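**Student:** Chains as they are written, first to last, in UniProt numbering: chain A, 1 to 184; chain B, 1 to 184.
Note that the Cβ used here is the ideal one computed from N, Cα and C, for glycine as well.
None of these values were measured; they are calculated from a predicted model.
Quick one: this structure, given as structure tokens, is what I'll be asking you about.
Protein chains: 2
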Amino acid sequence: MQQPAPPLAIIAAALRRERQRAGISLAELARRAGLAKSTLSQLESGTGNPSIETLWSLGVALGVPFSRLVEPPTTQVRVIRAGEGPRLMSDESVYAATLLAAGSARTRRDLYVLELEPSSPREADAHLPGSVEHFVCAAGRIRTGPVGEEVELGPGDYVTFPGDVPHRYEALEPSWAVLVLEHV
Amino acid sequence: MQQPAPPLAIIAAALRRERQRAGISLAELARRAGLAKSTLSQLESGTGNPSIETLWSLGVALGVPFSRLVEPPTTQVRVIRAGEGPRLMSDESVYAATLLAAGSARTRRDLYVLELEPSSPREADAHLPGSVEHFVCAAGRIRTGPVGEEVELGPGDYVTFPGDVPHRYEALEPSWAVLVLEHV
DNA sequence: CGGCTACGTTCGTCAAACCGAACAACCCGA
DNA sequence: TCGGGTTGTTCGGTTTGACGAACGTAGCCG
Chain A
1 MQQPAPPLAI
11 IAAALRRERQ
21 RAGISLAELA
31 RRAGLAKSTL
41 SQLESGTGNP
51 SIETLWSLGV
61 ALGVPFSRLV
71 EPPTTQVRVI
81 RAGEGPRLMS
91 DESVYAATLL
101 AAGSARTRRD
111 LYVLELEPSS
121 PREADAHLPG
131 SVEHFVCAAG
141 RIRTGPVGEE
151 VELGPGDYVT
161 FPGDVPHRYE
171 ALEPSWAVLV
181 LEHV
Chain B
1 MQQPAPPLAI
11 IAAALRRERQ
21 RAGISLAELA
31 RRAGLAKSTL
41 SQLESGTGNP
51 SIETLWSLGV
61 ALGVPFSRLV
71 EPPTTQVRVI
81 RAGEGPRLMS
91 DESVYAATLL
101 AAGSARTRRD
111 LYVLELEPSS
121 PREADAHLPG
131 SVEHFVCAAG
141 RIRTGPVGEE
151 VELGPGDYVT
161 FPGDVPHRYE
171 ALEPSWAVLV
181 LEHV
């Protein structure tokens, strides 16, 4: 029920992890959160006991819910083309739902909207071990997937692949997509 | 994703609410948490800005998870319009990601693609308690949300609302959407 | 090389969170 | 009408979290 662990170490680790996930420096995060660099440095090192307002502003600056900062952290490519996949709740013709991926407990899933402009492929470094990406192309055309196993997606297409290996995003035209990043 | 509300008032209300629910006096709670009565009194009155350790000890003494003291009591309808929301990883101009909802452990999230044809609103019964729906309109126009609190979405718009109350889906034109159904 | 910028850390100072005690208000029994 | 027991609040004093300015380091460019 309650986390018995001392929260300070968890907060310190969470701050570092989330900051690196956002890809910003300590100074940049301190600036966005309106804090002094020294304060943030001490927090990430496990020294100190932040006030609620301090930690709150960090959560806002990181775009992360407050609870993420205090709670302990608890390869195959599969494509489902638009119109394929198991249809559910189709008893009403005006309505069709396709189950793309069923969730399991103990994993966290972050929901993103991605906007991509045509360019050379963007390389993404491997995320934490065990992470999985779920990718639904909403508009445009996108090539994505692990390096060497990219697939091309059109509107409504879905692909899932491991997130803990290097992978690419490449928009063939202005595109956007919904991404669910699943990790432990 | 983040609560824009000032957390101090929420904490003050949550402390008083949980303490009265536990049926103990302010002095008794202060004693169990190892704090001074004065400290707790100021916290419940909304004055002051507790440290993490202080609030943590109160959560332990009350027997409630930490997050209950900092998060607003109920999940409401929240809309993030296309282009709004915290942008991440925007250092490369060809690439923009918007965090819509950050996941927490211990919940399951099922990922759907919904196709809807224009019709009268489709009523959906309440799901299991604690379920939350995340809805991203991919194309068309969709009105959805809890009954009486529907919002209209265009491509790229995002809305989240409780899934454990009756809610509606209504396509104003042929539409499709990505739905993440989150439940415990 | 020197100059510049950004990174993260350590230091001294100040405001504030926290404490302890004293405080008014209330309820009960003597 | 006294105590003695609550309740929750307000008052000085001390500890400490947050700040700003330094620091050492690393990279990049002229």
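Pull up the distance between the alpha-carbon of Tyr169/B and that of Glu133/B, whole angstroms please.
**Tutor:** Locating residue 169/B in the second sequence gives position 169, where the first residue counts as 1. Locating residue 133/B in the second sequence gives position 133, where the first residue counts as 1. Distance between the alpha carbons of Tyr169/B and Glu133/B is about 12 Å.
**Student:** Kindly indicate which residue of Ala14/B, Tyr112/B and Leu43/B has the alpha-carbon position closest to the one of Val64/B.
**Tutor:** The residue labelled residue 64/B in the question sits at position 64 within the second sequence. The shortest C-alpha separation from Val64/B is found at Ala14/B.
**Student:** Just to confirm my understanding: we take Met1/A, look at its own chain, exclude 5 residues before and 5 after, and list those with CB closer than 7 Å. What are they?
**Tutor:** Working through the first sequence from its first residue, we reach residue 1/A at position 1. Here the model assigns Met1/A a pLDDT of 46, short of 50, so the residue's position is not dependable and the matter cannot be decided.
**Student:** Can you list, in chain order, the residues of its chain with a C-beta nearer than 6 Å to that of Leu58/B? Leave out the 5 residues immediately preceding and following it.
**Tutor:** In the second sequence, residue 58/B corresponds to position 58, counting from 1. Excluding five sequence positions before and after Leu58/B, the CB atoms of its chain that fall closer than 6 Å to its own CB belong to Ala33, given in chain order.
**Student:** Please name the residue or residues paired with Pro162/A in a DSSP beta bridge.
**Tutor:** Here residue 162/A is taken as the residue at index 162 of the first sequence, counted from 1. DSSP output for Pro162/A lists Val132/A as bridge partner(s).
**Student:** Assuming Ala12/B and Gly46/B are in contact, meaning their beta carbons sit under 8 Å apart, how far apart are those beta carbons, in whole angstroms?
**Tutor:** Against the second sequence, residue 12/B aligns to sequence position 12. Against the second sequence, residue 46/B aligns to sequence position 46. That belief holds up - the Cβ atoms of Ala12/B and Gly46/B are roughly 4 Å apart, short of 8 Å.
**Student:** What does Ala138/B touch in chain A if you count any residue whose Cβ is under 8 Å from its own?
**Tutor:** Working through the second sequence from its first residue, we reach residue 138/B at position 138. Val136, Ala138, Ala139, Pro155, Gly156 and Val178, listed in chain order.
**Student:** Just grab the DSSP bridge partners of Glu152/B for me.
**Tutor:** For the purposes of this step, residue 152/B is taken as residue 152 along the second sequence, with counting starting at 1. Its beta-bridge partners are Arg143/B.
**Student:** Using 8 Å as the Cβ pair cut-off and three pairs as the minimum, do the segment 136-145 of chain B and the segment 136-147 of chain A touch?
**Tutor:** yes
**Student:** Measure the C-alpha to C-alpha separation of Val151/B and Glu152/A and round it to an integer number of angstroms.
**Tutor:** Start at 1 with the first residue of the second sequence, and residue 151/B comes out as number 151. Start at 1 with the first residue of the first sequence, and residue 152/A comes out as number 152. Taking the straight line from one Cα to the other gives about 33 Å.
**Student:** Rounded to a whole number of angstroms, what is the C-alpha to C-alpha distance between Ala36/A and His167/B?
**Tutor:** One-based indexing of the first sequence puts residue 36/A at position 36. One-based indexing of the second sequence puts residue 167/B at position 167. The alpha-carbon of Ala36/A is positioned some 45 Å away from that of His167/B.
**Student:** Taking the CB atoms as reference points, tell me whether Leu69/A and Tyr112/A lie closer together than 8 Å.
**Tutor:** Translated into positions along the first sequence, residue 69/A becomes position 69. Translated into positions along the first sequence, residue 112/A becomes position 112. No, Cβ-Cβ distance for Leu69/A and Tyr112/A is not below 8 Å.
**Student:** Name, in chain order, the residues that DSSP records as bridge partners for Ser51/B.
**Tutor:** In the second sequence, residue 51/B corresponds to position 51, counting from 1. Note: Ser51/B sits in a beta bridge opposite Ser51/A.
**Student:** At what residues does the alpha helix (DSSP H) containing Ala36/B begin and finish?
**Tutor:** Against the second sequence, residue 36/B aligns to sequence position 36. Run containing Ala36/B: none; DSSP gives neither H nor E here.
**Student:** Taking the beta strand (DSSP E) that Glu170/A falls in, what are its first and last residues?
**Tutor:** Position 170 of the first sequence holds residue 170/A. First-last of the beta strand (DSSP E) with Glu170/A: His167 to Ala171.
**Student:** First and last residue of the alpha helix (DSSP H) that includes Pro7/A?
**Tutor:** In the first sequence, the residue the question calls residue 7/A occupies position 7. The continuous alpha helix (DSSP H) containing Pro7/A extends over residues Pro7 to Ala22.
**Student:** Name the residue from Gly163/A, Glu182/A and Gly154/A whose alpha carbon lies nearest to the alpha carbon of Leu176/A.
**Tutor:** Stepping through the first sequence from its first residue, residue 176/A is reached at position 176. In the sequence on display, residue 176/A carries Trp and not Leu. With distances taken between Cα atoms, Trp176/A lies closest to Gly154/A.
**Student:** Around the Cβ of Gly156/B, are there at least 16 other Cβ atoms within 10 angstroms (buried) or fewer (exposed)?
**Tutor:** By one-based count along the second sequence, residue 156/B stands at place 156. Here Gly156/B is buried, its C-beta having at least 16 other C-beta atoms within 10 Å.
**Student:** If you drop the 5 nearest sequence neighbours on each side, which residues of the same chain put their C-beta closer than 6 Å to that of Ala9/A?
**Tutor:** In the first sequence, the residue the question calls residue 9/A occupies position 9. Within the same chain, Ala9/A has close Cβ partners Gly46.
**Student:** Along the alpha helix (DSSP H) that carries Val70/A, what are the first and last residues, could you check?
**Tutor:** If you number the first sequence from 1, residue 70/A lands on position 70. From DSSP, the alpha helix (DSSP H) with Val70/A extends over Phe66 to Val70.
**Student:** So, at 6 Å on beta carbons, what are the nonlocal neighbours of Pro50/A in its own chain, with the 5 sequence-adjacent residues on each side left out?
**Tutor:** For the purposes of this step, residue 50/A is identified with residue 50 of the first sequence, where counting begins at 1. For Pro50/A, where only same-chain residues beyond five positions count, the Cβ hits under 6 Å are Leu43.
**Student:** Cβ atoms of Arg143/A and Leu114/A: under 8 Å apart, would you say?
**Tutor:** What you label residue 114/A is simply residue 114 of the first sequence in a count that begins at 1. What you label residue 143/A is simply residue 143 of the first sequence in a count that begins at 1. In this structure, Arg143/A does not lie closer than 8 Å to Leu114/A by Cβ.
**Student:** How big is the Cα-Cα spacing for Arg25/A and Arg16/A?
**Tutor:** As a working mapping, residue 25/A is identified with position 25 in the first sequence. As a working mapping, residue 16/A is identified with position 16 in the first sequence. Note that residue 25/A is Ser in the sequence shown, not Arg. If I take the Cα positions, the gap works out to 10 Å.
**Student:** Along chain B, in chain order, which residues have C-beta atoms closer than 7 Å to that of Leu35/A?
**Tutor:** Indexing the first sequence from 1 puts residue 35/A at position 35. Under the 7 Å cutoff, chain B gives no residues; its nearest Cβ is about 14 Å from Leu35/A.
**Student:** List the residues of chain A whose Cβ lies closer than 8 Å to the Cβ of Leu55/B, in chain order.
**Tutor:** For the purposes of this step, residue 55/B is taken as residue 55 along the second sequence, with counting starting at 1. Those within 8 Å of Leu55/B in chain A are Ile52.
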